[in-house]
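*Asks:*
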Amino acid sequence: MKIKKEEIIIILLAGGYGKRLSSTVNKQMIKVNGITVLEKSIINFQNYLPNIPIQIVTNKENINNTNEIAKKFNLYSPIIGGKERQLSVFNALKHLKKNSPRYVLIHDSARPIISKEVLNALIQFKKTSFNCVVPILSINDAIRVFSNYKIQGTLDKNDKVLAQTPQFCDYEVLLNAHINSKKLYEDESALLLSQSFKIDTVKGNPKTLKLTYIEDLHLLEPHLLKDEQKYITKIGNGYDIHRFDINSNDNKNFIKLGGIKISNSKSLIAHSDADVLLHAITDSILGIVNKGDIGSFFPPTDNKWKNADSSIFLKYASNLLKEVGGIINNIDAIVICEKPKILNYSQEIKDNIATILKINPKIISIKGKTSESIGFIGRQEGIAAMVVTSAQVINDNFDA
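For the sequence shown, the working numbering gives the first residue as 38, with consecutive numbering after it.
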């Protein structure tokens, strides 16, 4: 199996036990409004950086739950980290070597509020030569030295900052720093500083608070709930129908459904590849983003799309959905025909659609229905598909 190379990979650290939180579940699995802290981090990354893959690092106790979450959001399979944060990052870096990333974006999933502006500022460093970029915050409160239950002195806050995640690093630089390290450090920037690497900074966001104590959860909850209110659920409908070519009757013929070739005595007539199912799904997604239908973007009068693979159309619609922060909830499709028997191909079709859209096949339903030998389809003169797709979109980004 060929491993896909990626320019950037997000490493999402979710191995902490949250002992200081005094919770019965690990802090990444705490739910706010029905969504776990880990899922919230994933949703934000997929909204703001939709085409960047995510690698979760978890612990043995949470591997099964994390694996289900990874499948739900179509992420890389999670891996188990080490006893300390640095060891977990090192495990991820070694695991991802096969993907040959140029950069890694490392984030503590216990910081579920992620700023789009901070992410954009970090990613801009791709245009330069750098080792690591860190979001920082100024310290507003006075700093005191405290030990033995007493204040022992004062520190000057003017030359000190708070370091946050995500931290954007050169993959090879960070991997080699881990290999050469003899000590454990708090984060990537601290590790690289210990080896005299230059660290760049961007302005952080005060809301990117790390969940450590129960009081932190109380501070985060209003922001998380407010963030949830930005999302609305939209539904799009899609329909397509194509006629069989009565002049083609050959056992070498085939039709395409959901991108899968299926042997059929007659082929379908169309300008592109006549994949009624992908066309209907494409139209349903275009309906969610209020962009008309497939013919508006890929007109049958344009020879450029003659015999075109319909996955091109579906990917285009999917990208439009991502632009408004869209996440597909489910796809419910009905293919109406006398032949072939859809049940025999439904799982293969679901898997292929999931691959095209980068979603979990479990949220796709494919049903086959006949017309009981009634009408155009019942006489085996054609094939049709009807689709309903629902998705969450960010209301602020949606041009209603």
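Backbone N, C-alpha and C fix where the C-beta goes; we use that ideal spot for every residue, glycine too.
Predicted, not measured: the structure shown is a model, and the values here were computed from it.
Between Asn389 and Gly295, what straight-line distance do the alpha-carbon atoms span, to the nearest angstrom?
*Replies:* Using only the alpha carbons, I get a separation of about 7 Å.
*Asks:* Give, in chain order, every unbroken run of the alpha helix (DSSP H) that is at least 4 residues long and sits entirely within the segment 317 to 363.
*Replies:* 331 to 334, 348 to 360
*Asks:* Going by beta-carbon coordinates alone, are Ile297 and Tyr382 separated by less than 9 Å?
*Replies:* yes
*Asks:* Within the same chain, show all residues whose beta-carbon is closer than 6 Å to that of Val141, passing over the 5 residues directly before and after it, in chain order.
*Replies:* Ile46, Ile48, Cys206, Tyr208
*Asks:* Skipping 5 residues on each side, what residues in its chain have a beta carbon closer than 8 Å to that of Asp178?
*Replies:* Lys194
*Asks:* Assuming Leu159 and Gly241 make a contact with CB atoms under 8 Å, what is their CB distance in whole Å?
*Replies:* Going by Cβ atoms, the distance from Leu159 to Gly241 rounds to 10 Å, so no, they are not a contact pair.
*Asks:* With H, G and I counted as helix, E and B as strand and the rest as coil, what does DSSP make of Thr392?
*Replies:* helix
*Asks:* Ile67 and Leu248: beta carbons closer than 9 Å?
*Replies:* yes
*Asks:* CA-CA distance, Ile278 and Ser321?
*Replies:* 14 Å
*Asks:* Mark Phe335 as exposed unless 16 or more other C-beta atoms lie within 10 angstroms of its C-beta, in which case mark it buried.
*Replies:* buried
*Asks:* When DSSP builds the beta bridges, which residues end up paired with Gln429?
*Replies:* DSSP lists Thr270, Ile364 as the beta-bridge partner residues of Gln429.
*Asks:* Between which residues of its own chain and Lys235 is the CB-CB distance below 7 Å, once the five residues before and five after are set aside?
*Replies:* Asn168
*Asks:* What is the rounded straight-line gap between the Cα of Ser125 and the Cα of Leu212?
*Replies:* Spanning the two alpha carbons is a distance of roughly 12 Å.
*Asks:* Could you give the distance in angstroms between the alpha-carbon of Ser300 and the alpha-carbon of Phe281?
*Replies:* 13 Å
*Asks:* Assign Thr202 to one of three DSSP states: helix, strand, or coil.
*Replies:* Three-state result, Thr202: coil.
*Asks:* Using the Cβ count rule (16 or more neighbours within 10 Å means buried), how would you classify Asn327?
*Replies:* exposed
*Asks:* Please name the residue, chosen from Asn96, Phe413, Ala200, Tyr353, that lies closest to Leu230 on a Cα-to-Cα basis.
*Replies:* Ala200
*Asks:* Within 10 angstroms of the Cβ of Met38, are there 16 or more other Cβ atoms? Answer buried if so, exposed if not.
*Replies:* Any reading at Met38 must be qualified, since the residue scores a pLDDT of 41, below 50, and its modelled position is unreliable; no value is offered.
*Asks:* May I ask you to list the residues that DSSP assigns as paired with Met423?
*Replies:* Tyr276, Ile371
*Asks:* Among the residues of its own chain, which have a CB less than 6 Å from the CB of Ile396, if the five just before and after it don't count?
*Replies:* Asn111, Ile365
*Asks:* Less than 8 Å between C-beta atoms, sequence neighbours within five positions excluded: which residues of the same chain meet that for Lys97?
*Replies:* Ile117
*Asks:* Who are the near neighbours of Ser410 in its chain, counting only those whose CB is closer than 8 Å to its CB and skipping five residues on each side?
*Replies:* Glu375, Arg416
*Asks:* How would you write the range of the beta strand (DSSP E) that Leu50 sits in, first residue to last?
*Replies:* Following the DSSP letters along the chain, one finds Leu50 inside the beta strand (DSSP E) bounded by residues 45 to 51.
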